[in-house]
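Below is one structure; the comments refer to it alone.
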Amino acid sequence: MLHTELKSKINKLWDKFWSGGISNPLQAIEQISYLMFMKRLEDKDVLDEQNATLKGIRFKSLFLGHENCKWSIWTEYSSDKILAHVRDVVFPFMRDLGEENSSYAKYMKDASFSLPTASLLIEAVNIINDMHIKEQNQDTQGDIYEYLLSELQSAGKNGQFRTPRHIIKMMVELAKPELGDRILDPACGTAGFLVNVYEYILQTNQKNGVSTLTPAKKKILDEDSLYGYDIDRTMVRIAVMNLMMHGITDPKITGEDTLSKRYNEKGVYDLILANPPFKGSINESEKSDELTITTSKTELLFLELMYNSLSIGGRCTVIVPDGVLFGNSNAHKSIRKLLLEKCRLDAIISMPSGIFKPYAGVSTAVLYFTKGEPTEEVWFYDMEADGFSLDDKRNAIQQNDIPNILESFSKRRKEDNQDRVKKHFFVPLAEIKANDWDLSINKYKKEIHEEVVYRPSKEIIKEAKQEVKTLLEGFEELDKILKN
2 MLHTELKSKI
12 NKLWDKFWSG
22 GISNPLQAIE
32 QISYLMFMKR
42 LEDKDVLDEQ
52 NATLKGIRFK
62 SLFLGHENCK
72 WSIWTEYSSD
82 KILAHVRDVV
92 FPFMRDLGEE
102 NSSYAKYMKD
112 ASFSLPTASL
122 LIEAVNIIND
132 MHIKEQNQDT
142 QGDIYEYLLS
152 ELQSAGKNGQ
162 FRTPRHIIKM
172 MVELAKPELG
182 DRILDPACGT
192 AGFLVNVYEY
202 ILQTNQKNGV
212 STLTPAKKKI
222 LDEDSLYGYD
232 IDRTMVRIAV
242 MNLMMHGITD
252 PKITGEDTLS
262 KRYNEKGVYD
272 LILANPPFKG
282 SINESEKSDE
292 LTITTSKTEL
302 LFLELMYNSL
312 SIGGRCTVIV
322 PDGVLFGNSN
332 AHKSIRKLLL
342 EKCRLDAIIS
352 MPSGIFKPYA
362 GVSTAVLYFT
372 KGEPTEEVWF
382 YDMEADGFSL
392 DDKRNAIQQN
402 DIPNILESFS
412 KRRKEDNQDR
422 VKKHFFVPLA
432 EIKANDWDLS
442 INKYKKEIHE
452 EVVYRPSKEI
462 IKEAKQEVKT
472 LLEGFEELDK
482 ILKN
């Protein structure tokens with residue numbers, strides 16, 4: 002977590018961009034990313050030189066022949082020179098850094114530096130210098146970027162919005178990613194899921210705070226484990242920057258619609274984590290031939306896509322709108338049958354409708370399933386609180402079911418999960434099938450009906466009569482006063 006002083010500096014940076022004419026949060030994040038990355042390049046170059054000196058090996062600076070692109074050099078330029086230099090010299094240098102076929106090189110090609118004034122650039126530079134990013138460790142640099150991304154507080158036109166970080170962490174801990182897994186987010190947005198998976202694998206491969214990963218294993222994690230797709234090129238650039246800020250040098254992020262004919266990766270992933278767009282639709286002529294369910298609803302198509310992309314034994318944690326669980330159309334029933342008959346649907350965690358506020362008030366659920374074996378019973382959990390208020394403010398509160406969800410899921414075979422009055426319970430497949438494949442928790446959860454004991458009717462009538470009598474006597478007294 003970032004301390005208050007650092008947060009206030011980031012907020013100040015936001016305010017400067019807003020008042021400087023950049024009011025689109027996506028554009029602001031993109032431009033701030035470029036500036037932070039420019040600073041990080043020199044910080045990393047200095048660190049690499051120090052390490053090379055300690056090891057007694059030759060060092061070749063990234064800035065060789067481009068010394069005027071160093072942050073420490075150009076940030077000292079005068080206001081009449083700095084903006085043109087960054088736009089025409091530093092930014093093109095930064096844009097062309099990636100390997101020829103890397104995601105970075107591909108999606109930075111059409112990137113542009115769009116700060117409108119030298120004064121805004123100088124103010125931004127001063128605030129970034131005040132953040133002391135060089136002194137921050139990799140985790141804190143990642144947290145700074147995450148805090149920037151938290152300002153994305155509006156849903157996109159296709160119904161995509163940023164998944165709260167604590168919900169992502171819950172889903173990652175349910176799935177337990179391992180080193181060697183090929184992991185996909187088919188609608189990755191800012192790459193929140195991939196960042197959290199990366200951090201989880203690093204943390205679970207530590208001993209006394211020191212990494213146990215060999216250079217070869219670390220290379221597998223960095224270069225052949227995390228894959229993301231997104232249809233929005235700006236999102237792709239932000240996702241690439243996000244992963245690089247967290248230490249991944251060559252992120253595998255692709256700008257492509259995974260529901261289209263251009264995506265064809267069948268049975269190649271061991272784990273999928275996603276929060277795909279809910280309200281989007283796809284042109285039938287563009288739709289992949291691998292998608293057999295007759296619908297244009299993206300929330301259903303993405304579920305079939307994830308099933309297709311998983312290897313046998315591969316698992317998936319995904320957020321879906323509640324309608325997926327009980328919708329009556331043939332497409333809704335077909336996708337639920339697929340998840341129950343060709344997968345082991347391990348868990349459905351029903352989340353309260355305020356989880357995605359202030360973006361949207363939609364009710365959602367987390368599904369966790371494994372491809373390749375049929376379901377015998379489904380574990381349901383009725384989440385009532387996630388540690389934050391369920392209004393637009395989303396203030397921190399004490400009530401939080403997430404620790405209990407993770408513990409109860411891991412112990413679900415050892416504990417009693419038959420009492421449907423409780424928050425979590427099993428429902429056998431036969432019962433779900435008899436209910437027309439309905440997966441809504443309300444179909445199976447039993448409510449506690451408390452018996453209300455009323456007073457005897459005679460006693461209530463006697464009391465009412467006395468009240469009426471007193472009221473009539475009062476009217477008689479008032480009538481006497483008026484006559485006098």
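Numbering of the sequence shown is given in the numbering used here, commencing with residue 2 and proceeding in unit increments.
Beta carbons: idealized from backbone N, C-alpha and C, even for Gly.
Computed from a prediction, not measured in an experiment: that's the story for all the values here.
If you compare the alpha carbons of F38, S120, L214, S351 with that of I168, the shortest gap goes to S351. The Cβ neighbour count for P277, taken over all protein chains shown within 10 Å, is at least 16; the residue is labelled buried.
As for any beta strand (DSSP E) of minimum length 3 sitting wholly inside the stretch 178-230, the runs are 184-186, ordered along the chain.
Taking I398 as the centre and dropping the five residues before and after it, the same chain places the C-beta of A386, G388, F389, S390 closer than 8 angstroms to its C-beta, in chain order. Boundaries of the alpha helix (DSSP H) harbouring I128: 119-131, taken from the DSSP string.
Y230 and Y264 do touch by the CB rule: their CB atoms are close to 7 angstroms apart, below 8 angstroms. For L430, same chain residues with a beta-carbon under 8 angstroms away, outside a window of 5 residues either side, are L341, P375, T376, E377, E378, V379 in chain order. When the beta-carbon positions are compared, I273 and L149 stay at least 8 angstroms from each other. Rounded to whole angstroms, the separation of the alpha carbons of C189 and L195 is 8 angstroms. The secondary-structure analysis by DSSP pairs T164 with nothing; it has no beta-bridge partner. Ranked by Cα distance from F427, the first of I232, D347, A240 is D347. With a 10 Å radius around the Cβ and a threshold of 16 neighbouring Cβ atoms, F60 comes out exposed. Sequence-distant partners of D258 (beyond 5 residues in either direction) whose C-beta falls short of 6 angstroms from its own C-beta, in its chain, are I232. If the five residues before and after E174 are omitted, its C-beta is found closer than 7 angstroms to the C-beta atoms of L407, all from its own chain and listed in chain order. Counting C-beta pairs closer than 8 angstroms gives three or more between the stretch 235-254 and the stretch 100-116, which meets the contact rule. Using a C-beta cut-off of 8 angstroms, the stretch 208-223 makes no contact with the stretch 232-241, since fewer than three inter-stretch Cβ pairs fall below that distance.
Taking E266 as reference, the option from M246, S409, N284, S310 with the minimal CA-CA separation is S310. In the assembly as shown, A366 is a buried residue. Its beta-carbon has 16 or more other beta-carbons within 10 Å. Cα atoms of L14 and I128: separation of roughly 7 angstroms, rounded to the nearest angstrom.
In the DSSP assignment, the residues bridged to P429 are E378. By the CB criterion at 8 angstroms, L260 and L301 fall outside the cutoff. Taking 8 angstroms as the cut-off, the Cβ atoms of T191 and N243 count as close.
DSSP links N401 through a beta bridge to D387. Here F64 carries a coil assignment [DSSP, helix/strand/coil]. As computed with DSSP, L346 is found in a beta bridge with F370.
If you draw a 10 Å sphere on the C-beta of W19, you find fewer than 16 other C-beta atoms in it, and that means exposed.
In this structure, P404 lies away from V363, with their beta-carbon atoms at least 8 angstroms apart. Within the stretch 295-343, complete beta strand (DSSP E) segments of at least 3 residues are found at 311-322, given in chain order. Secondary-structure assignment with DSSP links T255 through a beta bridge to Y230. Counting other Cβ atoms within 10 Å of its Cβ, V469 stays below 16 and is therefore classed as exposed. Secondary-structure assignment with DSSP links I273 through a beta bridge to L185, C317. Contact check between the stretch 62-74 and the stretch 34-43: three or more CB pairs, one atom from each, fall below 8 angstroms, which counts as touching. Within the same chain, and ignoring the five residues on either side of G324 in sequence, the residues whose Cβ sits closer than 8 angstroms to its Cβ are E300, H333.
Under the three-state reduction of DSSP, S34 is assigned to helix. Distances from the CA of E124 to each of K17, F94, S354 were compared; the closest alpha carbon is that of K17. The criterion of a C-beta distance shorter than 8 angstroms is satisfied by L368 and I349.
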